[in-house]
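Read through the structure below, which is laid out as structure tokens, and then see the notes.
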Amino acid sequence: MSRQVGETVTVSDDGSGVLSGTLAALVEYCGRTLDCSECGIYEYLAGEQALRSLALWGLSLDERDRAWVGQRHPLSLLPAFERVLRLREPVAS
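Just so we're aligned, residue 0 is where the sequence shown starts under numbering that gives the first Met the number 0, counting upward by one.
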């Protein structure tokens, strides 16, 4: 059985690396366990009606994916993510 290699990108933390290391391990574990090609962890910014990408793991990340991490993304531009928050169900596509 071969294991596919992936890549993880996380936000910077307080410098200790504990938060980013934990997020990296968690997002990769979830992605592999759910047999996804890509998995992300987000912070919900209710006051801004936005999400901030904290960690992203994928089998094949590109520069656009890497730039996505750490950025704020308005829910108005992310209907699938808005639906996740409203229905409290994960996105699987």
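Backbone N, C-alpha and C define an ideal beta-carbon position, used for all residues, glycine too.
Checking the DSSP bridge columns, you'll see residue 29 has no partner listed.
Here the alpha carbon of residue 53 sits roughly 6 Å from the alpha carbon of residue 69.
For residue 20 and residue 75, the gap between their C-alpha atoms comes out near 30 Å.
Annotation: the continuous beta strand (DSSP E) that includes residue 73 extends over 71-73. For residue 79, no beta strand (DSSP E) segment is defined; the enclosing uninterrupted segment is the alpha helix (DSSP H) at 78-86.
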